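Q: Can you keep this structure in mind? I'll have questions shortly.
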Amino acid sequence: MNFLFHFKMKDTVLSNCEKEFVVNAIRCCQRLDGRDFDKFRNIEINFGADYGSAAVSIGETKAVAQVTCELNEPRAIRPNEGLLFINVDINEMVCSEFDTGHQSHLAVHVNRIIEKCIRESGCVDVEALCIISEEQVWDIRLDVTVLNYDGNLLSCCSIAALAALMHFKTPNISVENYEITVHSMVDHEPVPLSIKSLSNSVNICRFL
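Residue numbering for the sequence shown follows this note's numbering, beginning at 1216 and increasing consecutively.
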């Protein structure tokens, strides 16, 4: 079920001509943009100059994702695992189709679903982010920003997140006598993240 079903959209007043157009499109098994019911929108993925930068468009829905990293201490309960933080930002003006009372909760729900797709599915091998057990690990941050909304919001965000993670690379490091040296990406080949699985979101709809 599309989780956006739980968010009430603003009522839209349609003219008789618009209503007739929608009904005829449904009778012809076509969407308003001419696609058949079982056809996906075109998906466009572009990568930035920096590692971990991805922009995704599904129709007019657009989202960008950026991955960054820094060295940090691991959590005490998981001393051999790196850290992965995910944040989704949706400006209220972008999703103005939803009632004001629901807009503030939309980003929270998208964030939770993206975390399930990436963190809880074990997409990123967090043990591979450990540098020195109990002392230093890579702290990975994934930021997803929605630029425009025209449907397929969750799919667009999840694809952008996965694309950015697959495109990202950490600096090469060396450890000697528990001293960590972070090498320049120019002098040493950076290291891609260890991606174990890919979980994505697909939107479906059923006419009753």
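By construction, the Cβ of each residue, glycine as well, lies at the ideal position given by its N, Cα and C atoms. Computed from a prediction, not measured in an experiment: that's the story for all the values here.
How many angstroms separate the CA atom of residue 1393 from the CA atom of residue 1344?
A: 16 Å
Q: Within 10 angstroms of its Cβ, does residue 1341 collect 16 or more other Cβ (buried), or is it exposed?
A: buried
Q: Please go through the same chain and pick out, in chain order, the residues whose beta-carbon is closer than 7 Å to the beta-carbon of residue 1406, but skip the five residues on each side of it.
A: Excluding sequence neighbours, residue 1406 sits near 1384, 1385, 1387.
Q: Identify the continuous beta strand (DSSP E) that holds residue 1268 and give its terminal residues.
A: 1268–1273
Q: Using DSSP with H/G/I as helix, E/B as strand and the rest coil, what is residue 1300?
A: Residue 1300 falls in the strand class under three-state DSSP.
Q: Going by beta-carbon coordinates alone, are residue 1410 and residue 1372 separated by less than 8 Å?
A: Between residue 1410 and residue 1372, the gap from beta carbon to beta carbon reaches 8 Å or more.
Q: With residue 1424 and residue 1378 assumed to form a contact (beta carbons below 8 Å), what rounded beta-carbon distance in angstroms separates them?
A: Coverage of the chain is limited to positions 1216 through 1423, which leaves residue 1424 absent and any answer about it impossible.
Q: Starting from the C-beta of residue 1334, find all residues in its chain whose C-beta is less than 8 Å away, skip the five residues before and the five after it, and write them out in chain order.
A: 1299, 1301
Q: Using a Cβ-Cβ cut-off of 8 Å (strictly less than) and excluding sequence neighbours within five positions of residue 1399, which residues of its own chain qualify?
A: 1386
Q: Report the start-end ranges of each beta strand (DSSP E) in the stretch 1333–1390 that is 3 residues or longer and not cut off at the edges.
A: 1345–1347, 1351–1363
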